[in-house]
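Q: Chains as they are written, first to last, in our numbering: chain Y, 1 to 171; chain W, 172 to 354.
Below is a structure I'd like to ask you about.
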């Protein structure tokens, strides 16, 4: 007894298959077969009658399941306030540090601009207030610098630059 | 072509089973495809069922005792897979298997893998009016060119019973087509 013919003429007339379907069938079948051979079970188990007992357990203790539990915050208010204070202090410190760097800034300003600023009388300071801004060490240095100038030049400069000569007379 | 006994022994051997299976697929894929296609009609379903059929063959080859021919055993598996598929579909849709088949026939008109005309669709409708066993006999004899002896082995029915069944089927189909000639 021989197997039947592959396909009769009657079939060819009506039904078609996608191009190369039979050529690719074997590859697809083996892919599926290899997949079929993989283990179907995960291997996980539950204790005997676990789900049955779970039902009973839940029915028996509905009040426990539904009672409102106290919510414990992960971070306490006290810890949070400490952290917030430290963060605020750090921000303030760095912002002051960033904005208050007079040495650096003064270096950036041109001397002519400072002179203009002073000439336009934007600084309203008397000699004592000015003296207060200088440390004793700086003043001594200044004194030593001044002494390096010839006395007659210094006198000429002061007479030309300062209108009020009273303070000079005091010296 | 490899001898059937050699093929069976290769399929049952651990080392040669995959190679033997390749030969089996190569020899029978088209025959089984067309056998299934006549039952479920569309290509996609046929492709799924054909793959399942071969997987079942591969997994159960060690149970094959050689009491029948290998190909008749495979045809039986393919037939069962196809009918099981239709039954499942009917159950899912909560309709009868005949209604499932009617839907499949209706879909043929828009099926890109069907080139038949109205007469061939009417023929499919006529086949669907037959009882399941008669449908199988008619399809396998009319389209598949099986001999009654082959059919007898595959369907486990006597040759006389098959002949009678086939003639009744032809008569019913002819009457159905005559009554629908206006189409």
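For every residue, glycine included, the Cβ atom is placed at its ideal position computed from N, Cα and C.
Tell me which same chain residues have a C-beta within less than 7 Å of the C-beta of residue 149/W, skipping the five on either side of it?
A: Shown here, chain W extends from 172 to 354; a query on residue 149/W therefore has no answer.
Q: Compare the C-beta of residue 44/Y with all C-beta atoms of chain W and state if any pair is closer than 8 Å.
A: Not closer than 8 Å to any Cβ of chain W, the Cβ of residue 44/Y fails to qualify, so no.
Q: Which one or two residues does DSSP pair with residue 15/Y in a beta bridge?
A: Beta-bridge pairing links residue 15/Y to 285/W.
Q: Would residue 303/W and residue 254/W qualify as a contact pair, given that the criterion is a beta-carbon distance under 8 Å?
A: Their beta carbons are under 8 Å apart, which means residue 303/W touches residue 254/W by this criterion.
Q: For residue 278/W, does the count of other Cβ atoms within 10 angstroms reach 16, so buried, or fall short, so exposed?
A: So residue 278/W ends up on the exposed side.
Q: Got a sec, what are the start and stop residues for the alpha helix (DSSP H) residue 345/W sits in?
A: From DSSP, the alpha helix (DSSP H) with residue 345/W extends over 330-350.
Q: Determine the closest residue to residue 14/Y out of 281/W, 287/W, 297/W, with distance taken between C-alpha atoms.
A: Answer by Cα proximity: 287/W.
Q: Taking only runs of the alpha helix (DSSP H) that begin and end inside the region 207-243 of chain W, which ones reach a length of at least 4 residues, in chain order?
A: The qualifying runs are 214-231.
Q: Quick check on residue 226/W - is its C-beta less than 8 Å from some C-beta in chain Y?
A: Closer than 8 Å: yes.
Q: Within the continuous alpha helix (DSSP H) that includes residue 312/W, where are the two ends?
A: That residue, residue 312/W, is in no alpha helix (DSSP H); it is neither H nor E in DSSP.
Q: I need the DSSP call for residue 184/W, collapsed to helix, strand or coil.
A: In this structure, residue 184/W counts as coil in the three-state DSSP scheme.
Q: Whose C-alpha, out of 226/W, 183/W, 247/W, is nearest the C-alpha of residue 30/Y?
A: Here the closest residue by C-alpha is 226/W.
Q: Examine chain Y for any beta-carbon lying closer than 8 Å to the beta-carbon of residue 200/W, and answer yes or no.
A: Answer yes: the Cβ-Cβ gap between residue 200/W and chain Y drops below 8 Å somewhere.
Q: Between which two residues does the alpha helix (DSSP H) containing residue 113/Y stretch?
A: Where residue 113/Y is concerned, the enclosing alpha helix (DSSP H) stretches over 111-119.
Q: My output table needs one value for residue 20/Y: the three-state DSSP class, helix, strand or coil.
A: Here residue 20/Y sits in coil by DSSP.
Q: Taking the alpha helix (DSSP H) that residue 56/Y falls in, what are its first and last residues?
A: Residues 50-60.
Q: Rounded to whole angstroms, what's the CA-CA distance from residue 33/Y to residue 189/W? Just pull it up for me.
A: Going by the C-alpha atoms only, they are around 11 Å apart.
Q: Beta-carbon of residue 344/W versus every beta-carbon of chain Y: anything under 8 Å?
A: False, the Cβ-Cβ gap to chain Y never drops below 8 Å.
Q: Identify, in the order they occur along the chain, each residue of the same chain with its Cβ nearer than 7 Å to the Cβ of residue 343/W, setting aside the five sequence neighbours on each side.
A: Within the same chain, residue 343/W has close Cβ partners 300, 301.
Q: Straight-line CA distance for residue 231/W to residue 248/W?
A: Each residue's alpha carbon lies about 10 Å from the other.
Q: What does a CB cutoff of less than 7 Å around residue 5/Y pick up in its chain, not counting 5 residues either side in sequence?
A: Model confidence at residue 5/Y stands at a pLDDT of 47, short of 50, so the residue's coordinates are unreliable; what they give is reported in the following sentence. Same-chain partners within the cutoff: there are none.
Q: Between the region 307-318 of chain W and the region 208-215 of chain W, do three or more beta carbon pairs fall short of 8 Å?
A: Yes: the two stretches touch, three or more of their Cβ pairs being nearer than 8 Å.
Q: Whole-angstrom Cβ separation of residue 204/W and residue 16/Y, contact assumed at under 8 Å?
A: 12 Å between Cβ atoms; not a contact.
Q: With DSSP as the reference, label residue 280/W as helix, strand or coil.
A: Note: residue 280/W maps to coil in three-state DSSP.
Q: Can you check whether the CB of residue 339/W is closer than 8 Å to the CB of residue 305/W?
A: Yes. Within cutoff.
Q: Expressed to the nearest angstrom, what Euclidean distance is found between the alpha-carbon atoms of residue 276/W and residue 341/W?
A: The straight-line gap from Cα to Cα measures roughly 19 Å.
Q: List, in order along the chain, the chain W residues whose C-beta lies closer than 7 Å to that of residue 33/Y?
A: Residues of chain W passing the Cβ test: 226, 229.
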